[in-house]
Amino acid sequence: IGCRSTIIGHCEERRDKAGIMQEAGVCDKDAVNKILNKEIKAAIAAGLEVLYCIGETSDEQKDWKQVLKKQIEIGLHEVDKSKVTIAYEPVWAIGPGKIPPDASYITKIAKYAKDVSGNLDVVYGGGLKADNALMLAGIKEIDGGLIALTRFSGDIGFYPEEYLEIIKTYLGK
């Protein structure tokens, strides 16, 4: 159908898979990462590049290093990493009314993810929008951002006419 890339491991996907595992009585905390590893391998075998999402929930935030390390090491086990980019999603900060991480937190996470992954590109996947685009562009440790929605309040959604404004702000134009 013409696709060249796919997103695997987005926070909603992880949550849904964890819920299914729980309903099935699976107690392996690494099961979701193992399934995502199989999805990544299948996507690469099909000729796709992969945007692999990692991130910690509010309950996991105190153990962020261990959580992200497992997501990276298990998710990318025996994977052709030349076909993968990591997207960091601070799950604890996503959604209306939540406070997104600052530049120092994102820098810390990006450095860690690069170190654990063997220096893969890391993009910010916690919502690139007009009001944080310039800040994110100034973080040398991240290699871009993921635009999910363009409006996070009111008529929440993706508005293509606002996409260009986000890009211009990110590029400083």
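In the working numbering, each number is its position in the sequence shown, counted from 1, plus 135.
By construction, the Cβ of each residue, glycine as well, lies at the ideal position given by its N, Cα and C atoms.
Less than 9 angstroms between the beta carbons of residue i and residue j, yes or no?
i           : j           : result
residue 186 : residue 241 : no
residue 259 : residue 294 : no
residue 255 : residue 226 : no
residue 248 : residue 236 : no
Does the Cβ of residue i have 16 or more other Cβ atoms within 10 Å, making it buried, or fewer, making it exposed?
i           : result
residue 171 : buried
residue 159 : exposed
residue 269 : exposed
residue 262 : buried
With distances taken Cα to Cα, identify the nearest neighbour of residue i among the options.
i           : options            : result
residue 188 : 303, 245, 274, 289 : 245
residue 233 : 221, 184, 288, 212 : 288
residue 296 : 276, 264, 277      : 264
residue 139 : 153, 184, 278      : 184
residue 173 : 197, 137, 154, 211 : 211
Who are residue i's beta bridge partners in DSSP?
i           : result
residue 280 : 259
residue 186 : 142, 220
Among residues of its own chain, excluding the 5 on either side of residue i, which ones have a beta-carbon nearer than 6 angstroms to its beta-carbon?
i           : result
residue 166 : 156
Take residue i and list the residues in its own chain whose beta-carbon comes closer than 7 angstroms to its own, dropping the five residues that flank it on each side.
i           : result
residue 253 : 216
residue 168 : 205, 206, 209, 210
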